[in-house]
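Sequences listed follow chains A and B, in order. Taken in order, the first sequence gives residues 11 to 472; the numbers are from the numbering used here. Taken in order, the second sequence gives residues 342 to 522; the numbers are from the numbering used here. Cβ atoms here follow ideal geometry from the backbone N, Cα and C, with glycine treated the same way.
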Amino acid sequence: MSFSTLVFVYIFLPLFLILYTLVKPGRRILLFLFSLVFYAWGEPVYVILLLLLTAFNYFSALDLAGLASAGRSTRGALILNVAGNLTVLAFFKYVPWIVGLLNTGFGLGIPVPELSLPVGLSFIVFRAMGYIFDVRAGKIKPEYDFLTFALFLAMFPTLSMGPIDRYGDVCRALRRPRPTFRKMTAGASLFLKGLAKKVLLADTIVLLYQTMKASEGNATVLMTWLGMLAFSFQLYFDFSGYSDMARGLGGMLGIPVSVNFDYPYTAVSITDFWRRWHISLSAWFRDYVYIPLGGSRVAPARHILNLLIVWMLTGIWHGASFSFILWGLYYGILLIAEKYLIGERAAVFPAVLRRLVTFVIVLVGWTFFQGGSLPQTLAEIKALFGFAAAGFTDSASLYALRTNLAPLIACAVFATPVPDKLFTRLEKESPALASLILFLIFVLSTAFMVYNTFQPFLYAQF
Amino acid sequence: MNGHASQVDQIEKAPEKPSRASFSRSWLVLELVTLALTGLFLYSFLIRQQYRDVPMETIISAVSEGEGLTAMINEDRAGLRRCYGLDAGATEGFYFCRSSSNMEADELLIVKAADEAAAKALVPAAQARLDALHESFDHYGVSEVSKRNKAILAVRGQYLFFAVSDSAGDWEARFLREVAE
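Set out below in structure tokens:
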């Protein structure tokens with residue numbers, strides 16, 4: 011099930027919230043059961059996988075803690091856990107790709123399994139592995155209450171697209187959620203803002219991106235820029251909209267969900283961008299891969315290798331294709347350049363210029379991220395830099411610019427913190443007016459959900 | 342009040358019981374059992390029916406020879422959007438045709454999606470269309486309503502197959518001959 015559907019907004023969520031408010035003692039069981047229904051909505055069979063993964067990691071942590079308390083080595087238990095989790099992830103996400111590569115490379119005829127990736131599998135597996143790493147490091151104690159642990163992995167607000175929360179940050183709230191009226195209203199407000207980002211902005215600007223893709227291979231320089239600008243905004247409002255909705259839902263339930271985006275398109279450098287974009291994933295790789303590899307406290311050559319490893323893995327996490335690997339390495343190289351070549355020298359330039367340059371670099375990076383073939387991606391990069399076979403512009407590109415100027419400006423404005431700051435001030439100074447605006451946003455979002463073609467969340471495929 | 346406080350303390354401290362963390366490999370046994378069950382679950386995916394990635398043109402040329410299809414109207418992207426609310430640009434190809442007569446409910450839609458999950462995401466649109474057809478012919482088109490019972494709505498690999506007709510079975514057989522491994 012998706013947050014941006016009428017079934018979720020008008021049936022699932024109200025029904026759940028009514029029952030959640032009424033049945034205080036069985037609140038956590040209710041949340042778990044509703045989460046299973048949420049997950050089963052599109053693909054019921056994967057609920058079995060979710061339960062098996064939950065049980066596997068639950069037992070694994072207890073075994074690991076038992077070994078540690080007995081003074082025995084936990085390395086074998088850790089390897090077993092990581093191998094188990096990664097095998098499941100690889101089976102659905104990477105096996106068809108690898109088999110396809112083997113068939114192409116060696117002329118083999120291995121049947122390529124048709125597997126649909128269970129929604130949110132990468133997020134679930136990474137959340138589970140983070141928990142295991144923390145238990146092994148002694149940062150947290152293993153959870154004995156199965157329901158609490160199951161909620162950590164499977165509660166519906168964070169089930170399909172994260173964030174990749176840490177167990178230590180949420181365990182108290184999961185054991186005893188404390189929803190209050192204040193949290194409920196603040197959560198509802200955040201949920202509506204997220205819904206508007208997804209339905210009003212992401213799902214509107216995607217039409218411009220689709221126009222560019224429809225003229226594939228024949229897009230002008232202007233059309234390619236417009237298309238990639240639209241894709242950049244779609245991706246941001248789609249994923250950050252989901253994250254806001256997840257936080258809003260968590261707030262309503264009395265369970266905190268971490269912030270995953272901090273206006274990334276206002277970043278002044280690539281390093282800054284990755285502190286603001288998909289924060290929970292960056293933090294996961296930093297804490298569980300980069301730092302164990304030695305981080306930056308090693309010789310420069312080793313540090314460069316560490317960065318490349320981490321960013322290649324980040325790329326692979328997003329999908330099984332060379333485009334994603336290249337996308338990861340693109341950022342690895344940029345971060346190395348920022349660290350060793352540019353350093354503090356960029357600070358002499360005005361912040362506006364640094365923001366603009368960072369945004370353009372990120373936009374170029376998204377060409378790899380679309381999941382297209384390498385020749386397609388390279389053709390688009392060439393077009394972005396003025397080498398489009400169709401020329402600089404044509405009447406269709408100018409028409410696309412004219413008709414999409416308003417949505418593009420709206421996206422550019424809402425990608426900055428200004429509207430949020432203004433709205434926060436309005437909520438303090440005139441709560442009634444703020445509530446009215448939220449109500450109108452809700453009505454408008456409903457109209458868009460009814461009349462527009464359903465667009466699934468982009469990150470749900472990861 | 343004190344009772345409540347002690348209950349709260351119990352909840353907070355429950356996971357830290359040292360006695361339960363004593364060394365025992367029984368957790369390992371349970372872990373291995375769940376791992377084995379997970380392995381069986383994954384294996385079941387490998388042995389189930391597989392479907393090929395076939396160009397849409399191949400499927401169309403095979404299916405369009407089916408019973409009664411030649412007399413039906415081929416719908417375009419606008420038709421797909423009007424009847425199903427689907428954006429053709431978001432698919433890998435489609436074949437949509439329906440009866441030339443407004444008095445007949447016969448319809449066939451085959452959509453090729455990016456993958457199985459994407460194909461499954463199209464099911465609600467087809468289901469809504471089936472309900473709409475039923476509503477349109479209810480009360481005055483008994484023979485047409487009966488076609489609803491013979492309707493086929495299925496996801497086969499990355500394809501959505503939806504047919505409402507007495508010949509739905511024939512159309513599906515032609516479709517499966519092309520895509521089933």
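Query raised in the report: Counting contacts by CB-CB distance shorter than 8 Å, is E53 of chain A in contact with chain B?
Result: yes
Query raised in the report: Assuming T214 of chain A contacts T403 of chain A under a Cβ cut-off of 8 Å, what Cβ separation, rounded to an integer in Å, is found between them?
Result: About 23 Å separates the two Cβ atoms, so there is no contact after all.
Query raised in the report: Hey, would you say the C-beta of R182 of chain A is under 7 Å away from at least one heavy atom of the ligand COA?
Result: You won't find the ligand COA in this model; it holds no ligand whatsoever.
Query - Close Cβ partners of T234 of chain A (< 8 Å) along its chain, the five nearest in sequence each way excluded - result: M222, E390, A393, L394, A398
Report task. Check the Cβ of P123 of chain A against every Cβ in chain B and list those closer than 8 Å, keeping chain order. Result -> F386, L387, Q391
Query raised in the report: With distances taken between CB atoms, is the gap from K488 of chain B to A446 of chain B smaller than 8 Å?
Result: yes
Report task. Report all residues from its chain with a CB closer than 6 Å to the CB of L450 of chain B; omit the five preceding and five following residues, and keep chain order. Result -> F437, F503
Query - Range of the contiguous alpha helix (DSSP H) that encloses G204 of chain A - result: 191 to 206
**Report entry** Buried versus exposed, by CB contacts within 10 Å (16 or more), L443 of chain B
**Finding:** According to the sequence as given, residue 443 of chain B is Asn; it is not Leu. Exposed.
Report task. List the residues of chain A that I456 of chain B touches, going by C-beta distances under 7 Å, in chain order. Result -> In the sequence as displayed, the identity of residue 456 of chain B is Asp instead of Ile. The answer, in chain order, is S126.
**Report entry** Buried versus exposed call for S455 of chain A [16 or more other C-beta atoms within 10 Å across all chains shown]
**Finding:** buried
Query - Range covered by the beta strand (DSSP E) that runs through E448 of chain B - result: 448 to 453
Query raised in the report: Which same chain residues, not among the five before or five after A444 of chain A, have their C-beta less than 7 Å away from its C-beta?
Result: F433, L436, E437
Query - Element boundaries [beta strand (DSSP E), containing F437 of chain B] - result: 434 to 439
Query raised in the report: Does the beta-carbon of G110 of chain A have 16 or more other beta-carbons within 10 angstroms, so that it is buried, or is it exposed?
Result: exposed
Query - Rounded straight-line distance, which links the Cα of A509 of chain B to that of F452 of chain A - result: 42 Å
Requested in this report: State the beta-bridge partners of V505 of chain B as determined by DSSP.
Outcome: B:E448
Query raised in the report: Nearest to L259 of chain A by alpha carbon, out of A:I371, A:S333, A:S290, A:P173?
Result: A:P173
Query raised in the report: Cβ of V98 of chain A less than 8 Å from any chain B Cβ?
Result: yes
Report task. Taking only beta carbons into account, state which residues of the segment 248 to 261 of chain A come closer than 9 Å to chain B, listed in chain order. Result -> none
Report task. Determine which residues of the segment 79 to 112 of chain A have a Cβ less than 7 Å from any Cβ of chain B, and write them out in chain order. Result -> S79, A80, G94, V98, F101
Requested in this report: Could you tell me the distance, in whole angstroms, from the CA atom of L421 of chain B to the CA atom of A431 of chain B?
Outcome: 12 Å
Query raised in the report: In this structure, does DSSP put I314 of chain A in helix, strand or coil?
Result: helix
Requested in this report: Could you tell me which residues DSSP pairs with A521 of chain B in its beta bridges?
Outcome: B:Y392
Report task. Kindly say whether K453 of chain B, judged by its beta-carbon, lies nearer than 8 Å to any beta-carbon of chain A. Result -> no
Query raised in the report: In this structure, does DSSP put A495 of chain B in helix, strand or coil?
Result: strand
Query raised in the report: For I150 of chain A, which of helix, strand or coil comes out of DSSP?
Result: coil
Query raised in the report: Per DSSP, which one or two residues make a beta bridge with I414 of chain B?
Result: B:R439
Report task. Would you grab the beta carbon distance between V7 of chain A and L74 of chain A for me? Rounded to a whole angstrom, and I think it's under 8 Å. Result -> Shown here, chain A extends from 11 to 472; a query on residue 7 of chain A therefore has no answer.
Query raised in the report: Of all the options A:P187, A:L318, A:V180, which has the alpha carbon lying nearest to the alpha carbon of S268 of chain A?
Result: A:V180
Query - Contact with chain B by Q380 of chain A, beta-carbon distance below 8 Å - result: no
**Report entry** Cα-Cα separation between G380 of chain B and N414 of chain A, rounded to whole angstroms
**Finding:** 50 Å
Report task. Give the secondary structure of Y500 of chain B by DSSP, where H, G and I count as helix, E and B as strand, and everything else as coil. Result -> strand
Report task. Take the Cβ of R388 of chain A as the centre, count every other Cβ of all protein chains shown within 10 Å, and call the residue buried at 16 or more, exposed below. Result -> Per the sequence presented here, residue 388 of chain A reads as Leu, with Arg not at that position. Classification of L388 of chain A: exposed, given that the 10 Å Cβ count is below 16.
Query raised in the report: What did DSSP end up calling S225 of chain A once you bin it into helix, strand or coil?
Result: coil
Query - With 16 other Cβ atoms within 10 Å as the buried cut-off, status of I265 of chain A - result: buried
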